[in-house]
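Some notes on the structure that comes next.
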Amino acid sequence: QRGVEARGDVLVYSSEPLAEPLEVSGFVDAVLHVSSSAPDTDFAVKLVDVAPDGTAWIIGDTILRARYRNGFDKPEMMRPGAVYAIRPTPIATSIRFGKGHRIRIEITSSNFPKFVRNLNTGGANEQESRGVVATNMIHHARGSLSYVDLPVVR
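For what it's worth, my numbering labels the leading residue of the sequence shown as 70, then goes sequentially.
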């Protein structure tokens with residue numbers, strides 16, 4: 070994960086080292102308030118377990134193509150600069166994070182080659198070859214708070 074985490078287009082949020090083991094079991098739900106310079110883009114979320122030595126393991130991931138934020142039967146392009154609340158498919162997991170481990174959330178606009186690329190044009194990605202660079206934002210302001218909900222089991 071170090072190579073991915075070092076990229077400028079990946080947001081990395083890490084907890085402090087855990088004082089005791091922590092069990093997370095159920096659906097990890099992300100609610101993101103986003104905007105983009107592009108009419109369509111992707112938002113990917115990863116849940117990562119980071120060992121005390123820095124080794125990072127992906128526990129689960131999800132992605133949402135922004136045009137399908139209201140459902141796959143209702144594609145709708147984004148207006149550049151407008152803020153939208155999106156909720157990618159929750160990540161199903163059951164894991165015990167060890168003492169001294171960190172919980173990490175990574176957010177980015179691509180998870181290629183696992184998920185098909187998005188050219189950010191709003192067109193048919195499988196029929197086009199030229200893309201545009203999207204400037205995406207995750208908002209954290211009052212009224213548009215982005216968060217990830219972990220189902221903690223004690």
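Virtual Cβ for every residue (Gly too), placed ideally from N, Cα, C.
These numbers come from a predicted model, not from an experiment.
Subject >> Buried/exposed call for Arg138, threshold 16 Cβ in 10 Å >> reply: Its Cβ being crowded by 16 or more others within 10 Å, Arg138 is buried.
Original post:
Exposed or buried, which one is Arg165 when buried takes at least 16 other CB atoms within 10 Å?
Top reply: exposed
Original post:
Exposed or buried, Pro86, counting other C-beta atoms within 10 Å across all chains shown (16 or more means buried)?
Top reply: exposed
**OP:** Give the secondary structure of Arg171 by DSSP, where H, G and I count as helix, E and B as strand, and everything else as coil.
**Re:** strand
Original post:
What beta strand (DSSP E) runs, 3 residues minimum, are completely inside the region 117-204?
Top reply: 125-134, 153-155, 160-166 and 171-177
Original post:
With DSSP run on the structure shown, which of helix, strand or coil describes Gly95?
Top reply: strand
**OP:** Taking only the alpha-carbon atoms, compute the straight-line gap between Phe112 and Tyr153 and give it to the nearest angstrom.
**Re:** Just so you know, the alpha carbons of Phe112 and Tyr153 end up roughly 12 angstroms apart.
Original post:
In terms of DSSP beta bridges, what is Asp78 paired with?
Top reply: Paired residues: none, contrary to the question.
**OP:** Excluding the 5 residues preceding and the 5 following Pro157 in the sequence, name in chain order all residues of the same chain whose CB lies nearer than 7 angstroms to its CB.
**Re:** Ala99, Phe112, Val114, Thr131, Ile132 and Leu133
**OP:** Out of Met206, Val185 and His208, state which residue places its alpha-carbon closest to the alpha-carbon of Glu197.
**Re:** Of the candidates Met206, Val185 and His208, the one whose C-alpha sits nearest the C-alpha of Glu197 is Val185.
Original post:
Smallest Cα separation from Ile172: which of Val79, Pro90 and Pro149?
Top reply: Pro90
**OP:** Check Ser84 in the structure and name its three-state DSSP category.
**Re:** coil
**OP:** Please look up how many angstroms separate the CB atoms of His170 and Pro121, rounded, as I've assumed it's under 8 angstroms.
**Re:** 7 angstroms
Subject >> Pro108 to Arg136 span [Cα, whole Å] >> reply: 8 angstroms
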